[in-house]
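Enquirer: The numbering used here numbers the first residue of the sequence shown as 17 and each following residue consecutively.
If you scroll down you'll find the structure; I have some questions about it.
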Amino acid sequence: MAIIALVSAKGSPGVTTAALAAALSWHRRLVLAECDPAGGSILAGYLGGALDGPRGIGELAVGELRDGSLEHAFWSQLVDLDAPRRERLLLPGVVDPAQAGSVIPLWQRFADYFTGLERGEPPYDVLVDCGRLAVGGTPWPLLRAAAVVLLVTRAHLPDLSATRATARAVERDLTEHRVPPGTLRLLVVGDGHGTSEISKALRLPVIARLPHDPRTAEVLAHGGTVRANRPLMRAAGALEVPVRALLDRRRARLAWPGVTTPRAVTAPSVPGVSGAV
17 MAIIALVSAK GSPGVTTAAL AAALSWHRRL VLAECDPAGG SILAGYLGGA
67 LDGPRGIGEL AVGELRDGSL EHAFWSQLVD LDAPRRERLL LPGVVDPAQA
117 GSVIPLWQRF ADYFTGLERG EPPYDVLVDC GRLAVGGTPW PLLRAAAVVL
167 LVTRAHLPDL SATRATARAV ERDLTEHRVP PGTLRLLVVG DGHGTSEISK
217 ALRLPVIARL PHDPRTAEVL AHGGTVRANR PLMRAAGALE VPVRALLDRR
267 RARLAWPGVT TPRAVTAPSV PGVSGAV
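Spelled out as structure tokens, the structure:
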């Protein structure tokens, strides 16, 4: 599925929660990359600070700017969320605001590298948590490189109003950069207006709706045992089906060639933190 990006308008509609729930429940190998310029939260939250030492995209950026070491260092900066299977990997986001200055100039470099992971051996998809569009340093190159962009919104009027403006901004940017149409979809979180009403008002299809499940959201935010039968986890797992179908339809419509492997990319073992799913 290549790159699947999640982004929101403002507030805290659950982008990281949705991305983490998907990463823990989808079936394909994937890397969850925290690319929110405002900083990552999974390392200190869901993982409870269990890992010692710096880890993540900030360290990669510093190394890339210093000596171009992204390919060499990438796998050492990942955390295995389901060790030792290496099927659900996390690239933690920046934890020090000073790191953002190193990361922002490299969004295109990361976009190119993430795209290549789909052709690796073994192949990995990349779920990208892009955070809020209103924050400075928005990772536009990642949104343009994504096969699917999910605009996360709550279903109440203030959130929908902000999301409408954000949707138009994303659409304009993708059009200006000649991204094929059909990339952008809405992912609705929680109760409120109906999905058909939201889709009509924002002039965008709703790909799925994630339920209000505060118990699971609390675990994903602060750590604990994730229950696969909880409403949020079931809905996040089911999200994989329409995302995959959307990508398949777009590829068929655009007559994209089949995926080839120009060169093997071997994924070495990475430090892990096991979690019950």
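Heads up, the beta-carbon is just placed ideally off N, CA and C, and yes, glycines get one too.
Every value quoted in this text rests on a predicted model; they were computed, and no experiment measured them.
Checking 8 angstroms against the spacing of the C-beta atoms, do T170 and G117 come in under that value?
Expert: As a working mapping, residue 170 is identified with position 154 in the sequence shown. As a working mapping, residue 117 is identified with position 101 in the sequence shown. For clarity, residue 170 is Arg in the given sequence; the question names Thr instead. Going by C-beta atoms, R170 is not nearer than 8 angstroms to G117.
Enquirer: Let me check understanding here. Comparing Cα to Cα, which of G56, L190, T191, L40 lies closest to V119?
Expert: Numbered from its first residue, the sequence shown carries residue 119 at position 103. Answer by Cα proximity: G56.
Enquirer: Considering only residues of the stretch 150 to 237, which uninterrupted alpha helix (DSSP H) runs meet the minimum length of 4 residues and lie entirely inside it, listed in chain order?
Expert: 156 to 161, 173 to 192, 211 to 218
Enquirer: Roughly how many angstroms separate the alpha carbons of P139 and R45, rounded to a whole number?
Expert: Residue numbering aside, residue 139 sits at position 123 when the sequence shown is read from its first letter. Residue numbering aside, residue 45 sits at position 29 when the sequence shown is read from its first letter. Rounded to whole angstroms, P139 to R45 spans 7 angstroms at the Cα level.
Enquirer: Rounded to a whole number of angstroms, what is the C-alpha to C-alpha distance between W123 and T131?
Expert: Along the sequence shown, one-based indexing puts residue 123 at 107. Along the sequence shown, one-based indexing puts residue 131 at 115. The straight-line gap from Cα to Cα measures roughly 12 angstroms.
Enquirer: Between A99 and V242, what straight-line distance do the alpha-carbon atoms span, to the nearest angstrom?
Expert: Your numbering for residue 99 matches position 83 in the sequence shown. Your numbering for residue 242 matches position 226 in the sequence shown. Cα to Cα, A99 sits roughly 15 angstroms from V242.
Enquirer: Check whether the Cβ atoms of L94 and L107 sit closer than 8 angstroms, and answer yes or no.
Expert: The sequence position of residue 94 within the sequence shown is 78, counting from 1. The sequence position of residue 107 within the sequence shown is 91, counting from 1. Yes. Within cutoff.
Enquirer: To which residues of the same chain is A251 closer than 6 angstroms at the C-beta, ignoring the five residues directly before and after it?
Expert: Taking the sequence shown and counting its residues from 1, one reaches residue 251 at position 235. Only L226, P227 meet the Cβ criterion.
Enquirer: Helix, strand or coil for R265, going by three-state DSSP, please let me know.
Expert: Here the question's residue 265 lines up with position 249 in the sequence shown. If DSSP states are grouped into helix, strand and coil, R265 belongs with the helices.
Enquirer: Once the 5 residues before and after S215 are set aside, which same chain residues still bring their CB inside 8 angstroms of it?
Expert: Start at 1 with the first residue of the sequence shown, and residue 215 comes out as number 199. These residues qualify, in order along the chain: L202, P221, V222.
Enquirer: Between the C-alpha atoms of V31 and R246, what's the straight-line distance to the nearest angstrom?
Expert: Residue numbering aside, residue 31 sits at position 15 when the sequence shown is read from its first letter. Residue numbering aside, residue 246 sits at position 230 when the sequence shown is read from its first letter. In a straight line, the C-alpha of V31 is about 18 angstroms away from that of R246.
Enquirer: What's the C-alpha gap between H172 and S41?
Expert: By 1-based counting over the sequence shown, the position of residue 172 is 156. By 1-based counting over the sequence shown, the position of residue 41 is 25. If I take the Cα positions, the gap works out to 27 angstroms.
Enquirer: With a 10 Å radius around its C-beta and 16 neighbouring C-beta atoms as the bar for buried, classify D141 as buried or exposed.
Expert: Residue numbering aside, residue 141 sits at position 125 when the sequence shown is read from its first letter. D141 comes out buried.
Enquirer: Per DSSP, which one or two residues make a beta bridge with G50?
Expert: As a position in the sequence shown, residue 50 is number 34, starting the count at 1. Going by the sequence as given, residue 50 is Glu instead of Gly. Note: E50 sits in a beta bridge opposite D145.
Enquirer: What residue ranges within the stretch 67 to 109 form continuous alpha helix (DSSP H) runs of no fewer than 4 residues, ordered along the chain?
Expert: 73 to 83, 86 to 89
Enquirer: Who pairs with I19 in a beta bridge, going by DSSP?
Expert: As a first step, residue 19 is located in the sequence shown; it is residue number 3 there, counting from the start. In DSSP, I19 forms a bridge with V142.
Enquirer: Express the C-alpha separation of G152 and V168 in angstroms, rounding to a whole number.
Expert: By one-based count along the sequence shown, residue 168 stands at place 152. By one-based count along the sequence shown, residue 152 stands at place 136. Near 18 angstroms, if we compare the C-alpha coordinates of G152 and V168.
Enquirer: What is the rounded straight-line gap between the Cα of L105 and the Cα of V47?
Expert: Position 89 of the sequence shown holds residue 105. Position 31 of the sequence shown holds residue 47. One C-alpha to the other measures close to 5 angstroms.
Enquirer: The alpha helix (DSSP H) with W123 in it runs from where to where?
Expert: Numbered from 1 along the sequence shown, position 107 holds the residue referred to as residue 123. The continuous alpha helix (DSSP H) containing W123 extends over residues 123 to 133.
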